[in-house]
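What follows is one structure encoded as structure tokens, with my remarks underneath.
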Amino acid sequence: MIQYTIHEVAALLNISTDAIRLYEKEGLVTPTRNPENGYRYYNTEQIHRIMGICLYRRLHVSIAEIKRLVEVSTLEDISDGFSGFIDSRKKEIERLTLEVEKMSYMKQHLDTLDEGSRTISIRTLPAVYPLYHQDSAFLGYRTLKDVFHSPLFSMGNFSYILSVEPSGSCQVSAFQFAIREPMLALTQLNSTNLPSRDSCRCLYTVVAFPTEQEILWDLSAVLKYAGEHQLSCKLEAYAFYVFSIAQPDVILDYYEVYLPLEDS
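Residue 70 is where the sequence shown starts when you use our numbering, and the numbers rise one by one after that.
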């Protein structure tokens, strides 16, 4: 019977000798060893086994999954194993799809930060669903533990509700963590069972503040824009925290600010 060295098998199947040694270590192949020099030799059966392992590995089947598969001896059991592979990969696709949706949503907001910081425009604020609410501006991290631990944390934004004076100066009336409509659709939450704020047309801008400084909210420029364009605004605004950017000597926190317009 013809036998092949580990290097010959590696060259034949275009895999590394380390991979073959791993398969041996995991009990998937059992080469013959020369007692005099310890060299490994592989017969046709062992090469066929390695070929099968290589096929599974190219399908990204794990070593643990392969070990379970080679222990079964009927076509039905092997088919059941493949059903398991397919199910797990479908779940992985769903997970990655959700990640892409989250990243796309974040990118959408990032792409508007630069333009928004230099302009004021009219935009629609989607329906907002607060999952945490407090009637103060105090940012107590311990009280937010449940928010940080929630799987929904990456879906929403912290935001301030601002009471706006006719001069444009603002006071924070509430602090909340909320999910906006586009992201809520990606969750298992039922919107009919949640408190919500309806979608509305708003004046929109972006502001940035150093992390370590007290935030002094001032929407006088927004109110001036409203007056110049004969727009009537409500006196309650929403500031959604979007992102922080580290600069050489300061960290800037960026907020999207929405000031709802009165119904025309």
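Beta carbons are placed, not taken as given, at the ideal position from N, Cα and C, and that holds for glycine.
This one's a predicted model, so the numbers in the text were calculated from it and none came from an experiment.
Residue i, buried or exposed, once every other Cβ within 10 Å from all chains shown has been counted against 16
i: residue 153; result: exposed
i: residue 325; result: buried
i: residue 225; result: buried
i: residue 141; result: exposed
i: residue 235; result: exposed
i: residue 104; result: exposed
i: residue 217; result: exposed
Cα-Cα separation, residue i to residue j
i: residue 303; j: residue 328; result: 7 Å
i: residue 296; j: residue 277; result: 24 Å
i: residue 180; j: residue 316; result: 18 Å
i: residue 248; j: residue 173; result: 15 Å
i: residue 188; j: residue 220; result: 34 Å
i: residue 294; j: residue 305; result: 16 Å
i: residue 70; j: residue 106; result: 20 Å
i: residue 259; j: residue 266; result: 15 Å
i: residue 131; j: residue 137; result: 10 Å
i: residue 120; j: residue 223; result: 43 Å
i: residue 126; j: residue 84; result: 11 Å
Option in the options with minimal Cα separation from residue i
i: residue 312; options: 116, 119, 177, 203; result: 177
i: residue 318; options: 238, 197, 280, 105; result: 280
i: residue 171; options: 142, 143, 252; result: 252
i: residue 205; options: 188, 224, 189, 228; result: 228
i: residue 168; options: 256, 138, 183; result: 256
i: residue 230; options: 236, 240, 224; result: 240
i: residue 114; options: 103, 127, 98; result: 98
i: residue 157; options: 212, 183, 128; result: 128
i: residue 282; options: 320, 264, 310, 259; result: 320
i: residue 207; options: 243, 175, 195; result: 243
i: residue 272; options: 284, 332, 215; result: 332
Beta-carbon separation (whole angstroms), residue i vs residue j, contact threshold 8 Å
i: residue 274; j: residue 150; result: Between residue 150 and residue 274 the Cβ distance is about 56 Å, and since that is not below 8 Å, they are no contact.
i: residue 245; j: residue 201; result: 6 Å
i: residue 193; j: residue 268; result: 6 Å
i: residue 237; j: residue 289; result: 3 Å
i: residue 155; j: residue 109; result: Contact doesn't hold; Cβ gap of about 35 Å is too wide.
query: Of all the alpha helix (DSSP H) runs that stay within the bounds of the region 121 to 166, which reach a length of 4 or more residues?
result: Counting only runs of 4 or more, we get 132 to 139.
task: Jot down the residue ranges of each uninterrupted beta strand (DSSP E) in the region 190 to 234, minimum 3 residues, whole runs only, in chain order.
output: If only uninterrupted beta strand (DSSP E) runs of at least 3 residues are considered, those enclosed by the region 190 to 234 are 190 to 194, 197 to 203, 226 to 233.
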